[in-house]
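*Asks:* Have a look at this one before I ask anything.
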Amino acid sequence: MDRIRIVGGQRLNGVIPISGAKNATLPLMIASLLTADTLVLENVPRLADVRLLQHILGNHGVDVMIAGKRPGEPDNAGQTLHISAKTIVDTTAPYDLVSRMRASFWVIAPLVARMGEARVSMPGGCAIGTRPVDLLIMALEALGAEIEIDGGYVVARARKGLRGGEVKFPKVTVSGTHVAVMAAALANGTTVIDNAACEPEIGDVADCLNKMGAKISGAGTPRIVIEGVAKLNGARHAVLPDRIETGTYAMAVAMTGGDVLLQNTRPELLQAGLDVLVKAGVGIVPTNEGIRVSRNGSALQPVEVTTEPFPGFPTDLQAQLMALMTRAKGTSHITETIFENRFMHVQELARLGARIHLDGERATIEGVEKLKGAPVMATDLRASVSLVIAALAAEGETMVNRVYHLDRGFERLEAKLGACGAVIERISG
Ligand code: UD1
């Protein structure tokens with residue numbers, strides 16, 4: 106199993122290119138099941154989750170062709186995927202595949218919408234809480250699907266096709282909103298989704314679906330209206346920048362000090378995250394090329410933050426912010442409201458000398474003078490990268506074990522940080 110070795114104490118200076126968003130790429134790839142034509146996705150990140158989803162879609166008969174690097178194209182350019190779900194050979198998504206990536210459960214929506222049936226394994230447990238699928242099922246039922254739970258599988262049937270309906274989510278859910286939008290795109294009649302998630306990835310998928318011929322309005326607001334169409338076509342779409350990768354590197358620079366341009370990204374994708382960094386004393390300047398992040402000499406100020414659905418502070422940056430606040434001059438509080446049990450990084454950060462006290466969903470972080478390198482264990486995707494951030498500022502060597510979690514969501518992490526002066530290397534095996 107690969108490990109990452111980091112020797113802390115270097116400032117970061119230079120340019121970090123931001124990749125396409127993992128959380129938009131996955132639903133976009135799944136949306137390819139809605140059409141028999143080819144969907145071309147550009148700016149796709151090279152990630153383990155993308156490869157795994159390619160494999161999962163292959164099981165349904167989907168061909169994914171990855172275009173080679175064009176002459177003169179830089180190493181950091183995203184990939185182009187040509188995805189064709191011309192013939193769907195199987196409407197079952199088995200446990201051994203779905204359990205490896207929760208988002209693959211979402212295939213249930215395009216499969217039942219296009220094929221009239223889907224049999225998808227329940228995803229099972231997860232390191233960051235129970236993460237149920239009840240609201241996804243509720244949305245499909247609202248569109249006329251008959252649902253049965255059979256041997257650990259959710260079976261959805263709509264022999265005569267789905268019909269438009271009203272979906273009112275009792276709580277904001279990204280997965281529920283993706284599923285409802287994809288299913289409604291091919292339903293007969295109009296669907297209204299209330300209390301929809303407003304995350305930018307929802308808007309990106311809706312934009313792509315509209316290019317494919319869907320009639321979706323209001324994506325990015327809490328009320329989405331979808332007029333179903335009989336058929337969708339192919340399209341070409343470039344994935345939007347990864348706001349979580351952007352925020353993660355912004356926090357890394359805030360942690361070490363230095364001056365870095367985060368290239369190919371946009372501030373409005375993570376305004377709440379950037380506002381918190383400004384309060385902490387970090388320099389944030391939007392430019393034509395991206396976002397410039399700097400901290401030179403000034404101390405980090407403590408912050409009070411609560412995670413919320415977009416446009417609030419994202420849960421996917423909570424662990425990274427906590428790592429940053431371990432070095433603040435004073436006491437910070439972070440409250441996690443989206444996922445229970447999303448504090449797995451706390452114990453590992455403590456191994457580096459962090460002082461964090463947990464009380465239910467609220468963490469109190471007392472800033473310390475210094476962190477000290479130690480062997481640590483990655484537990485989930487965002488938690489792992491918080492350990493990297495802490496290690497970049499820790500005295501001496503930190504070995505991050507189980508980095509396959511990082512490879513699920515961060516493209517060329519060690520190359521991107523190394524190019525800005527971090528002492529970081531991957532040790533294979
Ligand atoms: C997505 C993101 C993940 C991010 C999360 C919240 C992807 C691939 N993943 O996850 O990185 O952390 O949004 O921004 O895009 N819930 C229910 N019932 C359901 C569905 C969800 O109770 O049927 C609950 C969840 O347990 C959680 C909350 O709703 O407490 C939000 O979950 P959701 O927004 O659906 O997260 P995901 O789409 O799984």
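The opening residue of the sequence shown carries number 106 in this note's numbering; numbering runs sequentially from there. C-beta atoms are modelled at their ideal positions from N, C-alpha and C, and glycine is treated no differently.
State the DSSP-derived secondary structure class of Lys-477, mapped to helix, strand or coil.
*Replies:* Here residue 477 is taken as the residue at index 372 of the sequence shown, counted from 1. In this structure, Lys-477 counts as strand in the three-state DSSP scheme.
*Asks:* Just mark Lys-384 as buried or exposed, buried being the case when its beta carbon has 16 or more other beta carbons within 10 Å.
*Replies:* Residue 384 sits at position 279 when you count from the first residue of the sequence shown. So Lys-384 ends up on the exposed side.
*Asks:* Which term fits Val-508, buried or exposed, when burial requires 16 or more other beta carbons within 10 angstroms of its beta carbon?
*Replies:* Counting from 1 along the sequence shown, the entry for residue 508 is found at position 403. The residue is buried, with at least 16 neighbouring Cβ atoms inside 10 Å.
*Asks:* Whole-angstrom Cβ separation of Val-505 and Ala-483, contact assumed at under 8 Å?
*Replies:* Here residue 505 corresponds to residue number 400 of the sequence shown, with the count starting at 1. Here residue 483 corresponds to residue number 378 of the sequence shown, with the count starting at 1. Contact annotation, Val-505 with Ala-483: C-beta distance approximately 6 Å; criterion of less than 8 Å satisfied.
*Asks:* Under a three-way DSSP split, which group does Glu-516 fall into?
*Replies:* Position 411 of the sequence shown, counting from 1, holds the residue named residue 516. The answer is coil: DSSP assigns Glu-516 none of H, G, I, E or B.
*Asks:* Quick one: any contact between the stretch 162–169 and the stretch 179–196, if contact means 3 or more CB pairs under 8 Å?
*Replies:* yes
*Asks:* Whole beta strand (DSSP E) runs in the stretch 186–255 with 3 or more residues, listed along the chain?
*Replies:* 222–226, 251–255
*Asks:* Do Leu-152 and Glu-516 have their beta-carbon atoms positioned less than 8 Å apart in this structure?
*Replies:* Looking up residue 516 in the sequence shown gives position 411. Looking up residue 152 in the sequence shown gives position 47. The answer is yes: Cβ separation under 8 Å.
*Asks:* Give me the DSSP bridge partner(s) of Thr-503.
*Replies:* Translated into positions along the sequence shown, residue 503 becomes position 398. According to the DSSP secondary-structure assignment, Thr-503 is paired through a beta bridge with Ile-111.
*Asks:* Buried or exposed: where does Thr-282 fall if 16 or more other Cβ atoms within 10 Å of its Cβ makes it buried?
*Replies:* Locating residue 282 in the sequence shown gives position 177, counting from the first residue. Answer is buried; the Cβ neighbour count reaches 16.
*Asks:* Taking 7 Å as the cut-off, is the C-beta of Asn-300 nearer than that to any heavy atom in the ligand UD1?
*Replies:* Position 195 of the sequence shown, counted from the first residue, corresponds to residue 300. No.
*Asks:* Can you tell me the Cα-Cα spacing of Thr-536 and Met-287, whole angstroms?
*Replies:* Since the first residue shown for the chain is 106 and the last is 534, residue 536 is missing from the structure and cannot be characterised.
*Asks:* How would you call His-536, buried or exposed, if buried means at least 16 neighbouring beta carbons within 10 angstroms?
*Replies:* Shown here, the chain extends from 106 to 534; a query on residue 536 therefore has no answer.
*Asks:* Can you tell me whether Val-203 sits near the ligand UD1, meaning its C-beta is under 7 Å from at least one heavy atom of the ligand?
*Replies:* Counting from one through the sequence shown, the residue named residue 203 turns up at place 98. For the ligand UD1, not one heavy atom lies less than 7 Å from the Cβ of Val-203.
*Asks:* Gly-281: beta carbon under 7 Å from a heavy atom of the ligand UD1?
*Replies:* Working through the sequence shown from its first residue, we reach residue 281 at position 176. Within the cutoff, so yes.
*Asks:* Measure the C-alpha to C-alpha separation of His-462 and Glu-332 and round it to an integer number of angstroms.
*Replies:* Looking up residue 462 in the sequence shown gives position 357. Looking up residue 332 in the sequence shown gives position 227. Going by the C-alpha atoms only, they are around 49 Å apart.
*Asks:* If you check the beta carbons only, do Ile-307 and Gly-325 fall under 8 Å apart?
*Replies:* Residue numbering aside, residue 307 sits at position 202 when the sequence shown is read from its first letter. Residue numbering aside, residue 325 sits at position 220 when the sequence shown is read from its first letter. Going by C-beta atoms, Ile-307 is nearer than 8 Å to Gly-325.
*Asks:* Quick one, which of Gln-406, Ser-399, Val-217 has its alpha-carbon nearest Val-473's?
*Replies:* Along the sequence shown, one-based indexing puts residue 473 at 368. Nearest option by C-alpha distance: Gln-406.
*Asks:* CB Arg-348 to CB Pro-305, shorter than 8 Å?
*Replies:* Translated into positions along the sequence shown, residue 348 becomes position 243. Translated into positions along the sequence shown, residue 305 becomes position 200. Against a cut-off of 8 Å, the Cβ pair of Pro-305 and Arg-348 comes out as a contact.
*Asks:* Helix, strand or coil: how does DSSP classify His-165 here?
*Replies:* Working through the sequence shown from its first residue, we reach residue 165 at position 60. Correct three-state label for His-165: coil.
*Asks:* Quick one: what does DSSP say Ser-489 is sitting in, helix, strand or coil?
*Replies:* Along the sequence shown, read from residue 1 onward, the residue named residue 489 stands at position 384. Helix, per DSSP.
*Asks:* Starting from the Cα of Gly-352, find the closest Cα among Ile-532, Leu-367, Thr-440 and give me that residue.
*Replies:* Along the sequence shown, read from residue 1 onward, the residue named residue 352 stands at position 247. It is Leu-367 whose Cα lies nearest to the Cα of Gly-352.
*Asks:* Can you say whether Gln-391 is buried or exposed, counting buried as having 16 or more other CB atoms within 10 angstroms of its CB?
*Replies:* Locating residue 391 in the sequence shown gives position 286, counting from the first residue. Residue identity check: residue 391 is Pro in the sequence provided, not Gln. It is exposed - the Cβ of Pro-391 has fewer than 16 other Cβ atoms within 10 Å.
*Asks:* Note down the Cα distance separating Tyr-258 from Ser-226, rounded to an integer number of angstroms.
*Replies:* The residue you call residue 258 lines up with position 153 of the sequence shown. The residue you call residue 226 lines up with position 121 of the sequence shown. Taking the straight line from one Cα to the other gives about 4 Å.
*Asks:* For Gly-113 versus Thr-442, is the C-beta spacing smaller than 8 Å?
*Replies:* The residue you call residue 113 lines up with position 8 of the sequence shown. The residue you call residue 442 lines up with position 337 of the sequence shown. Their beta carbons are not under 8 Å apart, which means Gly-113 does not touch Thr-442 by this criterion.
*Asks:* Verify whether the separation of the beta carbon atoms of Thr-370 and Ile-389 is less than 8 Å.
*Replies:* Within the sequence shown, the letter at position 265 stands for residue 370. Within the sequence shown, the letter at position 284 stands for residue 389. Not a contact, by the Cβ cut-off of 8 Å.
*Asks:* The beta strand (DSSP E) spanning Leu-133 covers which residue range?
*Replies:* Numbered from its first residue, the sequence shown carries residue 133 at position 28. Annotation for Leu-133: no beta strand (DSSP E) segment contains it, though the alpha helix (DSSP H) segment containing it runs 127–136.
*Asks:* Does the distance between the C-beta of Pro-407 and the nearest non-hydrogen atom of the ligand UD1 fall short of 7 Å?
*Replies:* Start at 1 with the first residue of the sequence shown, and residue 407 comes out as number 302. Not so, every heavy atom of the ligand UD1 lies at least 7 Å from the Cβ.
*Asks:* Does the distance from the C-beta atom of Asn-148 to that of Val-344 stay below 8 Å?
*Replies:* Translated into positions along the sequence shown, residue 148 becomes position 43. Translated into positions along the sequence shown, residue 344 becomes position 239. The answer is yes: Cβ separation under 8 Å.
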